[in-house]
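With mature numbering (1 follows the signal peptide of the UniProt record, and there is no 0) applied, the sequence shown corresponds to residues -31 to -1, 1 to 159, in that order.
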Amino acid sequence: MQHKAKKFTARTKVLSSAALLAALGAGLAGAVSASADAPAAAPAAAPAALKAKATFSSDHLTVDAATDAARAALDAAEKEGQRVTVAVVDRNGNTVVTLRGDGAGPQSYESAIRKAYTAVSWNAPTSELAKRLQSAPNLKDIPGTLFLAGGAPVAKDNAPIAGIGVAGAPSGDLDEKFARAGADAISNRG
């Protein structure tokens, strides 16, 4: 069965096209007027202004100073033939720099970070803190801490701003000696 195509006259084509354009134009006009009638978005709220007594400023060790401290501690250990890892944490206990010396044991990485964290948390060398365990043995249960010699605090105006931890030498005394070398290197910075 064949369909015969109807032939549209020129007039029919023009009328169909005009109707189509009118429908499209009406839809566009409706969309524009609908968006014009929509309420404007509320302006963003201004941030709350705080009074000076509601905040405080604190000092932080720069990345360059932390790197210098770690490098000085690692250099001191290498001069004595020790294979250690050095970690420097900021005042909040976040790791800023770690340097794992050639041949340092796998346990030294985590131990160095925990010693640095412990030193900055109490603003004291970890060798002194280890002695406190005799009178307060539950201190060792505080997450993230390690009460073994090898951590040295870095302070400014008696407030802790960083901790340096060293692990991997055969004794905590050596670890702490190297950590102090790192602290001394940055205390002499200008």
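Beta carbons are placed, not taken as given, at the ideal position from N, Cα and C, and that holds for glycine.
Self-check item: Where the alpha helix (DSSP H) containing G62 begins and where it ends
Solution: Unbroken run through G62: none, as it is neither H nor E.
Exercise. Take A42 and list the residues in its own chain whose beta-carbon comes closer than 7 Å to its own, dropping the five residues that flank it on each side.
Key: V55, I133, V135, F147, A148, A150, G151
Exercise. Note the first and the last residue of the continuous beta strand (DSSP E) segment covering A17.
Key: Careful: A17 lies outside any beta strand (DSSP E) and carries neither H nor E.
Quiz item: Are G119 and T95 touching if we call contact CB-CB under 9 Å?
Solution: yes
Quiz item: By the 10 Å Cβ neighbour count, where 16 or more other Cβ atoms means buried, how is V32 classified, buried or exposed?
Solution: exposed
Quiz item: By a C-beta neighbour count over all protein chains shown, 10 Å radius and 16 as the cutoff for buried, is F116 buried or exposed?
Solution: buried
Quiz prompt | Inter-residue spacing [alpha-carbon to alpha-carbon] between T64 and R40 | solution = 15 Å
Quiz item: Using 8 Å as the Cβ pair cut-off and three pairs as the minimum, do the segment 22 to 36 and the segment 94 to 111 touch?
Solution: no
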